[in-house]
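Novice: Numbering (the working numbering), first residue to last: 1 to 138. Would you mind keeping the following structure in view while I ask a few things?
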């Protein structure tokens, strides 16, 4: 896999249709060219190359630890600490539009540690009390 990443990979998700492996972790660069990727990157098995997921280094993440990933229907869901977007702990990358998106009103003051997609539902496990308009004590 080229020269890999410069710090630990904590999670991955697979798009088996397009032969892409998405990795998340505490890294800042990927590949032999040291492409700036900031916590999330894609390995294209067919092209045998790394690519950053645009916009991460400049606008979305700073000192991010992408702890969990899930893939479904052209979306890469990311659960992380220290995301610099309105929803803090969760976001998704739209592979068709090549852009980052918030997930509703998000999960605040939180850490997401696990994700799974079953059917049309995304399940998130972690340390949080609020998820959108839902509060676990209500």
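In this text, a Cβ means the ideal position worked out from N, Cα and C, and glycines have one as well.
Pick helix, strand or coil for residue 104, following the three-state DSSP scheme.
Specialist: DSSP places residue 104 outside both helix and strand once states are collapsed to three, so it counts as coil.
Novice: With distances taken between CB atoms, is the gap from residue 128 to residue 110 smaller than 8 angstroms?
Specialist: yes
Novice: Are the CB atoms of residue 145 and residue 10 nearer to each other than 8 angstroms?
Specialist: Since the first and last residues shown for the chain are 1 and 138, residue 145 lies out of range.
Novice: Could you check what DSSP says for residue 137 in three-state terms: helix, strand or coil?
Specialist: Here the model assigns residue 137 a pLDDT of 43, short of 50, so the residue's position is not dependable and the matter cannot be decided.
Novice: To the nearest angstrom, report how far apart residue 89 and residue 106 are at their CA atoms.
Specialist: 7 angstroms
Novice: Buried or exposed, going by whether 16 or more other CB atoms sit within 10 Å of the CB of residue 118?
Specialist: In summary, residue 118 is exposed, with fewer than 16 beta-carbon neighbours lying within 10 Å of its beta-carbon over all protein chains present.
Novice: Excluding the five sequence neighbours on either side, which residues of its own chain have a C-beta within less than 6 angstroms of the C-beta of residue 26, listed in chain order?
Specialist: 7, 8, 65
Novice: Taking 6 angstroms as the limit between beta carbons, can you name the residues of its chain near residue 14, skipping five residues before and five after?
Specialist: 21
Novice: Take residue 125 and list the residues in its own chain whose beta-carbon comes closer than 7 angstroms to its own, dropping the five residues that flank it on each side.
Specialist: Closer than 7 angstroms at Cβ, skipping near neighbours: 113, 114.
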